[in-house]
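Student:
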Amino acid sequence: MAAVAATLAFGSGAVQAAEAEPGGKLLLTGGVSALEGGGGGGVATWALIGGNETSRGVGGSVHATYVNVPDYELRSAGVTLGLFDRVELSLARQDFDTGATGAKLGLGQGFTFKQTVAGVKVRLIGDAVYDQDTWLPQVAVGAQFKQNDQPAIVRAVGAQDDTGIDYYAAATKVLLDRSLVVSGAVRLTKANQTGLLGFGGDKHDRYGAQFEGSAGWLVSKRLLVGAEYRTKPDNLGFAKEDDWADVFVAYAFSKTLSVTAAYADLGDIATFRNQRGLYVSLQAGF
Amino acid sequence: MRLILAATALSLTFAGVAFAQQPVPPGEQPVEPYVQSNANAGATPMRDKAVLEAFHGKEGIARITSDLVDRNIADPRIKDIFATADVVRLKRTLSEQFCYILAGPASDGGCDYTGKDMSATHQYQGITPRDFNILVENLQKAMDKEGVPFAAQNKLLAKLAPMSRQVIERR
Chain Z
1 MAAVAATLAF
11 GSGAVQAAEA
21 EPGGKLLLTG
31 GVSALEGGGG
41 GGVATWALIG
51 GNETSRGVGG
61 SVHATYVNVP
71 DYELRSAGVT
81 LGLFDRVELS
91 LARQDFDTGA
101 TGAKLGLGQG
111 FTFKQTVAGV
121 KVRLIGDAVY
131 DQDTWLPQVA
141 VGAQFKQNDQ
151 PAIVRAVGAQ
161 DDTGIDYYAA
171 ATKVLLDRSL
181 VVSGAVRLTK
191 ANQTGLLGFG
201 GDKHDRYGAQ
211 FEGSAGWLVS
221 KRLLVGAEYR
231 TKPDNLGFAK
241 EDDWADVFVA
251 YAFSKTLSVT
261 AAYADLGDIA
271 TFRNQRGLYV
281 SLQAGF
Chain V
1001 MRLILAATAL
1011 SLTFAGVAFA
1021 QQPVPPGEQP
1031 VEPYVQSNAN
1041 AGATPMRDKA
1051 VLEAFHGKEG
1061 IARITSDLVD
1071 RNIADPRIKD
1081 IFATADVVRL
1091 KRTLSEQFCY
1101 ILAGPASDGG
1111 CDYTGKDMSA
1121 THQYQGITPR
1131 DFNILVENLQ
1141 KAMDKEGVPF
1151 AAQNKLLAKL
1161 APMSRQVIER
1171 R
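Chains Z and V, in that order, are what the protein sequence lines are. Residue 1 is where the first sequence starts when you use this note's numbering, and the numbers rise one by one after that. Residue 1001 is where the second sequence starts when you use this note's numbering, and the numbers rise one by one after that.
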């Protein structure tokens, strides 16, 4: 407050001092929207807080994501709210469309699993961008509350529950002098295919630690290219579940609009093998 | 004893020099005396010849810092911060600072930084994270205009980023 008074006295005009400021974050430093909502890469969650706000404001974004692999389609849409670059609240809706595969699985043509994911993330320490004189990354912890809309079906395939909570800790660092972004997360989860096939299973029904890693190269201030890897549990007896990987390109048209395109390898899903295909995500924010 | 006295006298003389009113460079306003030191630059030199070449040497650095100051004082979002600034002095000291960071001290062929430290220069300006990031964006534009490759730009930004702790006053 003393600084504010002094500023006013010096007449340098920061009259809006006491008001919250919208925007102000550097391009791409809020990450893009992850599949389960919130700031991240594509399939990995990062420690960055979504939205364009700094510590003095509120930001937010909406995203729409489409993944097309040979036997399925995955659509996700959601909103992310960033509070003072400290707390992130997110809500995402995922539609896992089995299309023609649904009939082969005995679920019916076009059968679609739907999942709602409500997330909260808190930045604990560090600043991924500013702290360039130390190896200390930006560290955040979070939880995702997931609700699957097909309790009977997910139980029929062996899942123990139609709701679940993931807990994670993520560390993200921009290595500016090398133009690199690296991120890692440990997730405690029981989710089958992120929860689209329920939680826990006939094979395993305990929380296990899974890893998410991302590395990206900042080609320009607008363009990030990179790769991600995400390990997954394998709880269900009827079909083995594979880790996910992708290579991605994220491009910021402006502070308000960015696109992520990826080639994703989702492995085997519900007995259908080698689900690889295009991942496209559009994000608009303030 | 005589030696100690002589040494004391000598150090007093040096201290006197450091605190004495500096000659005011042409076009600049006089400033209150302060201790000049390259430590005031707030970062250690990079000593990477390739990066210095990417900035087109001292001349390129001077063009970038001059352009950066021009952009800042014309930027409606942050120009008020510079309302009372001595623009001639700001351009000179900023150029010295970047030159010291990129090329080392004058004794190594670079520049000595003669400005105040980052806390002193930014005190009472009430700079916010948004202001700081706008300045970074303007610097990126100035470096783009000079044709500095993005990877080399980031090496300088990596040196400047931690200064946010001294520069940002209102979080």
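Ideal Cβ placement from N, Cα and C applies to all residues, glycine included. Here the structure is a predicted model, which means the values were calculated and not measured.
1) Just checking: is the beta-carbon of Z:Y251 within a distance shorter than 8 Å of some beta-carbon in chain V?
2) Does the structure place the segment 114 to 127 of chain Z close enough to the segment 136 to 155 of chain Z that three or more beta carbon pairs sit under 8 Å?
3) Based on the DSSP secondary-structure assignment, which residues constitute the bridge partners of Z:H63?
4) What did DSSP end up calling Z:G51 once you bin it into helix, strand or coil?
5) Find out if the Cβ-Cβ distance for the pair Z:A239, Z:A270 is shorter than 8 Å.
6) Using a Cβ-Cβ cut-off of less than 7 Å, give me the residues of the segment 120 to 152 of chain Z that come near chain V, in sequence order.
7) Following the continuous beta strand (DSSP E) through Z:S258, name the residue where it begins and the one where it ends.
8) What's the C-alpha gap between Z:S220 and V:V1088?
9) Going by DSSP, what residue range makes up the alpha helix (DSSP H) through Z:K104?
10) Sort Z:K173, Z:T260, Z:G106 by Cα distance to Z:W135 and report the nearest one.
11) Could you work out which residue in Z:T98, Z:L223, Z:Q115, Z:W46 is closest to Z:N148 when comparing CA atoms only?
12) Tell me the DSSP bridge mates of Z:W244?
13) On the DSSP letters alone, give me the boundaries of the alpha helix (DSSP H) that V:A1152 sits inside.
14) Check whether the Cβ atoms of Z:G267 and Z:P233 lie closer than 8 Å to each other.
15) Since Z:Y168 sits in a beta bridge, which residues does DSSP pair it with?
16) Could you please give me the residues that DSSP links to Z:L223 through a beta bridge?
17) Kindly list the residues whose CB is nearer than 7 Å to the CB of V:G1016, restricted to its own chain and excluding five residues on each side of it in sequence; keep chain order.
18) For a test of the three-state rule: what should DSSP assign to V:D1067, helix, strand or coil?
19) At a CB-CB cut-off below 7 Å, which residues of chain V make contact with Z:S55?
20) Anything in chain V within Cβ reach of Z:K25, meaning under 9 Å, just list it in chain order.
21) Thinking just about the alpha-carbon of each residue, which of Z:R273, Z:V186, Z:P151, Z:S254 is nearest to the one in Z:G23?
22) Select from the segment 161 to 187 of chain Z all residues with a C-beta closer than 7 Å to any C-beta belonging to chain B, and list them in chain order.
23) In terms of alpha-carbon separation, which member of V:E1137, V:G1042, V:E1169, V:A1041 lies closest to V:R1077?
24) Tell me, please, whether the CB atom of V:K1155 is closer than 8 Å to any CB atom in chain Z?
25) Return the residue from the list Z:R230, Z:D177, Z:G184, Z:T163 that minimises the CA-CA distance to Z:F199.
Tutor: Looking at the coordinates:
1) Within the first sequence, numbered from 1, the residue matching residue 251 of chain Z stands at position 251. By this cut-off, Z:Y251 is not an interface position.
2) yes
3) Reading the first sequence from its first residue, position 63 is the one you call residue 63 of chain Z. Note: Z:H63 sits in a beta bridge opposite Z:G78, Z:Q283.
4) Counting from 1 along the first sequence, the entry for residue 51 of chain Z is found at position 51. Coil, per DSSP.
5) In the first sequence, the residue the question calls residue 239 of chain Z occupies position 239. In the first sequence, the residue the question calls residue 270 of chain Z occupies position 270. Result yes, Cβ atoms of Z:A239 and Z:A270 sit closer than 8 Å.
6) Near chain V, meaning a CB-to-CB distance below 7 Å, the residues of the segment 120 to 152 of chain Z are V129, Y130, D131, Q132, D133.
7) Position 258 of the first sequence, counted from the first residue, corresponds to residue 258 of chain Z. Run containing Z:S258: 257 to 265, per the beta strand (DSSP E) assignment.
8) As a first step, residue 220 of chain Z must be located in the first sequence, where it is residue number 220. As a first step, residue 1088 of chain V must be located in the second sequence, where it is residue number 88. Between Z:S220 and V:V1088, the C-alpha separation is close to 32 Å.
9) As a first step, residue 104 of chain Z must be located in the first sequence, where it is residue number 104. It spans 101 to 104 - the alpha helix (DSSP H) in which Z:K104 sits, taken as one unbroken run.
10) Sequence index remark: in the first sequence, residue 135 of chain Z carries index 135 (1-based). Of Z:K173, Z:T260, Z:G106, the residue nearest in Cα terms is Z:K173.
11) Within the first sequence, residue 148 of chain Z is the residue found at index 148, counting from 1. Closest option to Z:N148, Cα to Cα, is Z:Q115.
12) Along the first sequence, read from residue 1 onward, the residue named residue 244 of chain Z stands at position 244. In the DSSP assignment, Z:W244 forms a beta bridge with Z:R230.
13) As a position in the second sequence, residue 1152 of chain V is number 152, starting the count at 1. Counting along the chain, the alpha helix (DSSP H) containing V:A1152 begins and ends at 1150 to 1160.
14) For the purposes of this step, residue 267 of chain Z is identified with residue 267 of the first sequence, where counting begins at 1. For the purposes of this step, residue 233 of chain Z is identified with residue 233 of the first sequence, where counting begins at 1. Cβ atoms of Z:G267 and Z:P233: not closer than 8 Å.
15) Walking along the first sequence from the start, residue 168 of chain Z turns up at place 168. BP columns for Z:Y168 point to Z:G142, Z:R187.
16) Taking the first sequence and counting its residues from 1, one reaches residue 223 of chain Z at position 223. For Z:L223, the beta-bridge partners assigned by DSSP are Z:Y251.
17) Position 16 of the second sequence, counted from the start, is the residue given in the question as residue 1016 of chain V. For V:G1016, the pLDDT reaches just 44, beneath the cut-off of 50, and the residue's location in the model is therefore unreliable, although a value from the coordinates is still provided. Result list for V:G1016: empty, nothing under 7 Å.
18) Taking the first residue of the second sequence as position 1, residue 1067 of chain V is located at position 67. Three-state result, V:D1067: helix.
19) Mapped onto the first sequence, residue 55 of chain Z falls at position 55. Under the 7 Å cutoff, chain V gives P1129, R1171.
20) On the first sequence, residue 25 of chain Z is found 25 positions in, with the first residue counted as 1. Result: P1129, R1130, N1133.
21) In the first sequence, the residue the question calls residue 23 of chain Z occupies position 23. Answer by Cα proximity: Z:S254.
22) Checking the listed chains, one finds no chain B in this structure; the protein chains it contains are Z and V.
23) Taking the second sequence and counting its residues from 1, the one referred to as residue 1077 of chain V is at position 77. Looking at the Cα atoms, V:E1137 is the closest of the given residues.
24) The sequence position of residue 1155 of chain V within the second sequence is 155, counting from 1. V:K1155 counts as touching chain Z.
25) For the purposes of this step, residue 199 of chain Z is taken as residue 199 along the first sequence, with counting starting at 1. Checking every option, the nearest Cα to that of Z:F199 belongs to Z:T163.
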